[in-house]
Amino acid sequence: MRFNPYLTELSAAVVCEAREIERASRVVRVTAPANWSDARIEAWLDWHERSPDDFPRLESAPGRVAASGPAILDGALDRWAGRLAAWGRATGVFRSSQDADVFAAELVASVLLGLAAPSATLMEGARTPPSAEDAGAPTRNATIFELDDPVVRARFESETARLRTARVTAHALSGVTRTLKSVTDAVRRCDGPASVCGDPAANPALARAALAARRAGADDTAILDAIAGRLFSAPEPEASGQTRIVSVSHPDAPVDAPLRAAADGALADDLIVAFSVRDAEALADLSMAPACAVSLPAVAATLPDLVPALDALARLWTTALEIEVASGFAADGRLARRRHAVRPIVLTLVGGLEWLVAQSRGAGPEDAFKAAAGLLAASASLASSELAETLRPAADWPTGAADVVASLKAREASLSFLDTELGRTAALRTAQALDAAQTVGRRHSLIAAVAADPERDLRLGVATLGAVDLFQTRDGQLIRRLHPALAQAIETQDGDVESAERWLLGRRTLVDAPALDHADLAARGFTDTELEAVEDALGHVERLEDAFSRPVLESGFVRDVLGIDADTFEQGRLLSLLATADEISAATAYVFGHRDLSGWPGAPSRLKTLLADPAAASAGLTRLAETFSDVADLAVIELPSRAGIGAAMATLSQAASQGNRAVRLSRREASGEPLLLLPETEPLRRAPEAAAPSPPPVTERVVERVIERVRTRRKLPDRRKGYIQKAAVGGHKVYIHTGEYEDGELGEIFIDMHKEGAAFRSLMNNFAIAISIGLQYGVPLDEFVDAFVFTRFEPAGRVTGNDRVGSATSILDYIFRELGVSYLDRTELANADAEPLDADGLGSGKADELVPAARFISKGFARGSTPDNLVVLPFGRKAEPEVSPYDLREAKACPACGDFTLQQRGGSWICDTCGIAPSMRG
243 MRFNPYLTEL SAAVVCEARE IERASRVVRV TAPANWSDAR IEAWLDWHER
293 SPDDFPRLES APGRVAASGP AILDGALDRW AGRLAAWGRA TGVFRSSQDA
343 DVFAAELVAS VLLGLAAPSA TLMEGARTPP SAEDAGAPTR NATIFELDDP
393 VVRARFESET ARLRTARVTA HALSGVTRTL KSVTDAVRRC DGPASVCGDP
443 AANPALARAA LAARRAGADD TAILDAIAGR LFSAPEPEAS GQTRIVSVSH
493 PDAPVDAPLR AAADGALADD LIVAFSVRDA EALADLSMAP ACAVSLPAVA
543 ATLPDLVPAL DALARLWTTA LEIEVASGFA ADGRLARRRH AVRPIVLTLV
593 GGLEWLVAQS RGAGPEDAFK AAAGLLAASA SLASSELAET LRPAADWPTG
643 AADVVASLKA REASLSFLDT ELGRTAALRT AQALDAAQTV GRRHSLIAAV
693 AADPERDLRL GVATLGAVDL FQTRDGQLIR RLHPALAQAI ETQDGDVESA
743 ERWLLGRRTL VDAPALDHAD LAARGFTDTE LEAVEDALGH VERLEDAFSR
793 PVLESGFVRD VLGIDADTFE QGRLLSLLAT ADEISAATAY VFGHRDLSGW
843 PGAPSRLKTL LADPAAASAG LTRLAETFSD VADLAVIELP SRAGIGAAMA
893 TLSQAASQGN RAVRLSRREA SGEPLLLLPE TEPLRRAPEA AAPSPPPVTE
943 RVVERVIERV RTRRKLPDRR KGYIQKAAVG GHKVYIHTGE YEDGELGEIF
993 IDMHKEGAAF RSLMNNFAIA ISIGLQYGVP LDEFVDAFVF TRFEPAGRVT
1043 GNDRVGSATS ILDYIFRELG VSYLDRTELA NADAEPLDAD GLGSGKADEL
1093 VPAARFISKG FARGSTPDNL VVLPFGRKAE PEVSPYDLRE AKACPACGDF
1143 TLQQRGGSWI CDTCGIAPSM RG
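Residues in the sequence shown are numbered from 243 upward in steps of one, following our numbering.
Quick look at the structure:
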């Protein structure tokens, strides 16, 4: 194969510049064409990192080709093209090193000009030696299931059951692992001896976690391992292999067993269903094919004559794909042998809709794209026959030759009706390709013309045509604009481009906006200052509500001028009070525009269909391109999560009746919300056994039934009772504010401190809010008390101002000691009992006096409804205080916390405040 340096001369005019691209771990500086975006350059760098870099070890093959001129993309394109040239020389595609060098230069030039781009390939794997020729008959592709065969259908149904079981097993393992982790966390969060923390009878949190783990399916051995701290982790989900492909030759047959098996398989996992065995085999082989895309808009803009340009590109890239088939890798040896025998390639035409729109053809006259796609496919087939004459036809060519010849005849007949120069040329090339295929065969049994690859299209600079186009400016900013091709078409059809831009992108101002223009806002009290602030905000917000919220507008203006309370303003409901929902919707469309041009009243008549649904127009072109492909185009269908086998069968039958050759059917993954609403049921009761002759006397007992309910937030009343406790911990003032429910249960706390910085005080405030929300959701106060007492950090030490807590190891220790003593009657947490230290026994001298009730009842809370003559009678107190099991007069100072609560217990000393047991023997 020999090539003329046609594209190389054109690429010399490409302007390149140094660019800094941010990678995952570093910023790299590369040289790239100036009109490439950062995302496009990064996509090329990603592609090169995953590309193979092996060269043949043959004397006839050239070494690494040196880059001529600037090293584009750090030499990535030169290395890639040099590798293909070396392998082409080694496999006999090129007769001389000079031919190989010209080929490599043309490849690089086509990429720099934006004419073509390859898809990603495997970096390593299995490969049949490129020079090997298999004399035996090639084996059939074993990855497809012919469901019309009962034996194959039974094997497929077994595989479906295995996949369904694997999915359920993965979910179950994940759930069990989470419950076992909760068991381990319950032990780690416990403060106390290991024997107590690891005992479910003494650790309520552990008991609940262990019960949940047992219900999830964990056995007691696993629960004991989790208590001991041994970690569990769910196995990583297996990487899904190749999507299963099945063939159902007669989807409308009375015997629906094959169709039912296919529908059941699609509900279990992603499935490709072809309606002929030939299409199923072609789709299976397509997954191994190297691919390339040609940009039709770039070809039309760069090269003066479309016919020789498409001929040259088809011949160049068919040769490149042939070399990639020979030197590339497959996933395993079986697929490598199949790839070597079939030699599938993909050469697709992209950007057809943009090309038609740029030529002001609209979406109606699709004959031009049909002719271009037919010309590219015919030229690729001619190049394949030329390679077959130089080398030899593919080993699998005799198997599929009849189908290829029939397809070429049908294409020629379809193109013969096109009465344009491009159409007549495409028909002529197809006739030549048919004659060559019948004479010498083809090097590739399979040449596909349709294959979606978003990453490849990004490298090529082509995207699905839409009304909005993201454009990168010279300073790296991404801005939204009306697609240039649509703008050109609208202008050619005498449409108003500026009106289309305003409809699509909005005006970003409220001047003359419906219902919310400056005059309407001024009538409501907005001054020039507020209007200017709103206008400035509209330039960078994406919702109209954000322009009427803090910090754009001040709270004082909203409260004093608009008369709206602060809570409504903080909740973002200001705009809803200024206008109705319809008025807000109209103003939003005026300011920010619409999603597309489907409702634009100024659309030219010839463009209305295209502007209403560009995706449908693009899908129509894809169906046209499928005519010139040896592989069927996949119609992707996603079933809803609740779909059953009946819906899946109906979908497949409908797809076949609509002329689809193959569909990719899947079911949408279930969201977080349950699909089934299960009522709460009581456990079944056992039937009573026959009464014994002489039953023993039955004592009274209490029967409890535990009903688990979903926790909801129990909010406090707006006017609530509580108390404020002032104290000082280590000289730092602490104020504890509590809020209670009507029944006296604690519902919230607030913590104020003195002598602390703003960061620590804010941290304590947020900590108190978190505790309050937990209490209101039903977390027992016991859990918080057990979790936070005995925590250690400064400030700590002596506590003054609290008659029950005398010392604390931290602020949190003091707070939860106070709450435990006051609300839970946890007297063991009180360490400031003064009665044992009262040597004279005289007390305060007021024990017999009546205490006014106003000392304990808030007059403001009662709002004056409490009479002034209430007193607290002495019989309301406890009869006798609990006798302390030890005498505090024998306590000594603890060397750890400094509190005089170090008691002798047996032969050791233990501090009742911090729990430390120093090695002191008495």
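The C-beta atom is built at its ideal place from N, Cα and C for all residues, glycine as well.
Owing to the predicted nature of the structure, the values given are computational and were not obtained by experimental measurement.
Among the candidates S899, P882, Q900, whose CA atom is the shortest distance from the CA of R910?
On the sequence shown, residue 910 is found 668 positions in, with the first residue counted as 1. Minimum Cα distance to R910 is reached at P882.
Report the option in A600, A543, R580 whose CA atom is closest to the CA atom of Q730.
As a working note, residue 730 is residue 488 in the sequence shown. Per the Cα distances, A600.
Put C432 into one of helix, strand or coil per three-state DSSP.
If you number the sequence shown from 1, residue 432 lands on position 190. In this structure, C432 counts as coil in the three-state DSSP scheme.
Find the nearest neighbour of I991 within the set A351, A1000, L1061, L1144, judged by alpha-carbon distance.
By 1-based counting over the sequence shown, the position of residue 991 is 749. Of the candidates A351, A1000, L1061, L1144, the one whose C-alpha sits nearest the C-alpha of I991 is L1061.
How far does the alpha helix (DSSP H) with G507 in it extend, from its first residue to its last?
Taking the sequence shown and counting its residues from 1, the one referred to as residue 507 is at position 265. Note, G507: alpha helix (DSSP H), 499–510.
Give every residue of the same chain whose Cβ lies closer than 7 Å to the Cβ of S626, excluding the five residues on either side of it in the sequence, and list them in chain order.
Start at 1 with the first residue of the sequence shown, and residue 626 comes out as number 384. Same-chain partners within the cutoff: T560, R684, R685, H686, I689.
Give me, in chain order, the residues of the same chain whose beta-carbon lies closer than 6 Å to that of L629; leave out the 5 immediate sequence neighbours on both sides.
Here residue 629 refers to the residue found at position 387 of the sequence shown. The residues are E564, R685.
Using DSSP with H/G/I as helix, E/B as strand and the rest coil, what is M995?
Position 753 of the sequence shown, counting from 1, holds the residue named residue 995. Residue state, collapsed to three classes: strand.
Please confirm if the region 725–739 is in contact with the region 846–856, defined as three or more CB-CB distances below 8 Å between the two stretches.
Touching, per the Cβ criterion.
Mind checking F713: buried by the 16 CB within 10 Å criterion, or exposed?
In the sequence shown, counting from the first residue as 1, residue 713 sits at position 471. F713 comes out exposed.
Taking the alpha carbon of V971 as the point to measure from, which residue in D960, Q900, S1049 has its own alpha carbon closest?
Reading the sequence shown from its first residue, position 729 is the one you call residue 971. That would be S1049, whose Cα lies nearest to the Cα of V971.
Any chance you could list the alpha helix (DSSP H) runs of at least 4 consecutive residues sitting entirely within the region 619–668, in chain order?
Listed in chain order, the complete alpha helix (DSSP H) runs (minimum 4 residues) inside the region 619–668 are 639–657.
Given a cut-off of 8 Å on the beta-carbon distance, is the pair V833 and L795 in contact?
One-based indexing of the sequence shown puts residue 833 at position 591. One-based indexing of the sequence shown puts residue 795 at position 553. Going by C-beta atoms, V833 is not nearer than 8 Å to L795.
Which residue comes first and which comes last in the beta strand (DSSP E) that contains L487?
Locating residue 487 in the sequence shown gives position 245, counting from the first residue. Per the sequence shown, residue 487 should be read as Ile rather than Leu. First-last of the beta strand (DSSP E) with I487: 486–489.
What are the boundary residues of the alpha helix (DSSP H) that includes Y1056?
Taking the first residue of the sequence shown as 1, we reach residue 1056 at position 814. 1053–1066 is the span of the alpha helix (DSSP H), which, as asked, contains Y1056.
Given this structure, state the Cα-to-Cα distance separating E787 from L720, to the nearest angstrom.
Translated into the one-based positions of the sequence shown, residue 787 becomes position 545. Translated into the one-based positions of the sequence shown, residue 720 becomes position 478. If I take the Cα positions, the gap works out to 24 Å.
Comparing C-alpha positions only, which one of L319, I1015, E291 sits nearest to S957?
Along the sequence shown, one-based indexing puts residue 957 at 715. Note that residue 957 is Lys in the sequence shown, not Ser. Cα-wise, what sits closest to K957 is I1015.
Out of A499, Y965, G748, which one is the CA nearest neighbour of L724?
Counting from one through the sequence shown, the residue named residue 724 turns up at place 482. Nearest of A499, Y965, G748 to L724, Cα basis: G748.
Just grab the DSSP bridge partners of E1171 for me.
Only positions 243 to 1164 of the chain appear in this structure, which leaves residue 1171 out of reach.
Quick check on G305: buried or exposed, where buried means 16 or more other Cβ atoms within 10 Å of its Cβ?
Indexing the sequence shown from 1 puts residue 305 at position 63. With a pLDDT of only 48 at G305, under 50, the local geometry of the prediction cannot be trusted, and the value read off the model is given with reservation. The residue is exposed, with fewer than 16 neighbouring Cβ atoms inside 10 Å.
Helix, strand or coil for F713, going by three-state DSSP, please let me know.
By one-based count along the sequence shown, residue 713 stands at place 471. In the structure shown, F713 sits in a strand (DSSP, three-state: E or B).
To which residues of the same chain is G417 closer than 6 Å at the C-beta, ignoring the five residues directly before and after it?
Reading the sequence shown from its first residue, position 175 is the one you call residue 417. Hits under 6 Å: A458.
Please go through the same chain and pick out, in chain order, the residues whose beta-carbon is closer than 6 Å to the beta-carbon of R292, but skip the five residues on each side of it.
Taking the sequence shown and counting its residues from 1, the one referred to as residue 292 is at position 50. A362, M365, listed in sequence order.
Hey, G616 and S537: beta-carbon distance below 8 Å or not?
Mapped onto the sequence shown, residue 616 falls at position 374. Mapped onto the sequence shown, residue 537 falls at position 295. Cβ distance not < 8 Å, so G616 and S537 don't count as in contact.
Helix, strand or coil for D778, going by three-state DSSP, please let me know.
For the purposes of this step, residue 778 is taken as the residue at position 536 of the sequence shown. The answer is helix: DSSP assigns D778 an H, G or I state.
Tell me the residue span of the alpha helix (DSSP H) that contains R909.
Numbered from 1 along the sequence shown, position 667 holds the residue referred to as residue 909. Here R909 belongs to no alpha helix (DSSP H); instead the beta strand (DSSP E) covers 904–909.
I'd like to know if the region 810–827 and the region 869–883 are in contact, where contact means that at least 3 CB-CB pairs between them fall below 8 Å.
Touching, no, given that fewer than three Cβ pairs across the two stretches are closer than 8 Å.
Using C-beta distances below 8 Å, list every residue in its chain close to L509, excluding the 5 sequence neighbours before and after it, in chain order.
By one-based count along the sequence shown, residue 509 stands at place 267. Cβ within range, chain order: L881, A885, G886, I887, A890, R909.
Excluding the 5 residues preceding and the 5 following T667 in the sequence, name in chain order all residues of the same chain whose CB lies nearer than 7 Å to its CB.
To locate residue 667, count along the sequence shown from 1; it is residue 425. Excluding sequence neighbours, T667 sits near V549, L617.
Any idea what DSSP makes of G683, helix, strand or coil?
Residue numbering aside, residue 683 sits at position 441 when the sequence shown is read from its first letter. Correct three-state label for G683: coil.
Roughly how many angstroms lie between the CA atoms of A451 and P442, to the nearest whole one?
If you number the sequence shown from 1, residue 451 lands on position 209. If you number the sequence shown from 1, residue 442 lands on position 200. Rounded to the nearest angstrom, the two C-alpha atoms are 9 Å apart.
Can you name the residues that DSSP bridges to K975?
The count along the sequence shown starts at 1 and reaches residue 975 at position 733. The partner list for K975 (beta bridge, DSSP) reads A970.
Considering G1039, what are the terminal residues of the beta strand (DSSP E) in which it resides?
Reading the sequence shown from its first residue, position 797 is the one you call residue 1039. Taken as a continuous stretch (DSSP letters only), the beta strand (DSSP E) holding G1039 covers 1039–1042.
Reducing DSSP to helix, strand and coil, say where I879 ends up.
Translated into positions along the sequence shown, residue 879 becomes position 637. Of the three classes helix, strand and coil, the one that applies to I879 here is strand, per DSSP.
Tell me which residue opens and which closes the alpha helix (DSSP H) that T864 is part of.
Residue numbering aside, residue 864 sits at position 622 when the sequence shown is read from its first letter. 856–868 is the extent of the alpha helix (DSSP H) around T864.
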